[in-house]
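*Asks:* Here you go, one structure.
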Amino acid sequence: MEEVLVRILLADPGVRASVGDRVTPVTRLQGGVLPALVVQTISGRRGYTTEGPDGLVTSRVQLDAWGRRYAEAKTAARAAIRALSGLSGEIAGVAFGGVFVDGEDDSLDAGSNSQSGQPERYYRTRVDFIIWHHGA
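First residue of the sequence shown: -5, per my numbering; consecutive thereafter.
This is how it looks when you write it as structure tokens:
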């Protein structure tokens, strides 16, 4: 399912306009070009009936939008929300029953560049999605 989400985001014109092809699962290349999106599953709960697994999975997926400026992170997050929120139907073997925004927050990572020693600031908008799906 996660790979399909990355493909959906990469195919979306609004996402491509804000981050190009910088959409990755789980990690972001340290020192890589920003803005960028990172997608990771936080939890997944499989559905059961009295007869066993029913195939439904409810996943919490976190999307981190990173930027050197606050506006870059927000623009990327908003583009991702437009691309995913309300999504349903079968895509690449995954049957999406629904994709819903569950929360959104902003943060600032401040540190120093290990090579130059100069201070660096990275803005992040985190968006949590609840996703109902069957398959992958």
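Beta carbons are placed, not taken as given, at the ideal position from N, Cα and C, and that holds for glycine.
Between V(-2) and the rest of its own chain, which residues show a CB-CB distance below 7 Å, the 5 nearest in sequence each way excluded?
*Replies:* I85, A86, V88, A130
*Asks:* Taking L50 as part of the beta strand (DSSP E), name the residues at either end of that continuous run.
*Replies:* The continuous beta strand (DSSP E) containing L50 extends over residues 46 to 61.
*Asks:* For the candidate residues G61, G46, R39, whose alpha-carbon lies nearest to that of V134?
*Replies:* The requested residue 134 is not part of the displayed model; the chain covers only -5 to 130.
*Asks:* Considering only residues of the same chain and omitting the five flanking positions on each side of R16, which have a CB-CB separation below 6 Å?
*Replies:* A30
*Asks:* If you draw a straight line from the alpha carbon of V0 to that of P19, how long is it in whole angstroms?
*Replies:* 7 Å
*Asks:* Give the DSSP bridge partners of L102, in chain order.
*Replies:* Y117
*Asks:* Report yes if the C-beta distance between R115 and A67 is below 8 Å; otherwise report no.
*Replies:* no
*Asks:* Determine whether the Cβ of A86 lies closer than 8 Å to any Cβ atom of chain C.
*Replies:* Reference to chain C is not applicable here, since this structure consists of a single protein chain.
*Asks:* Out of W126, A74, G91, state which residue places its alpha-carbon closest to the alpha-carbon of G8.
*Replies:* A74
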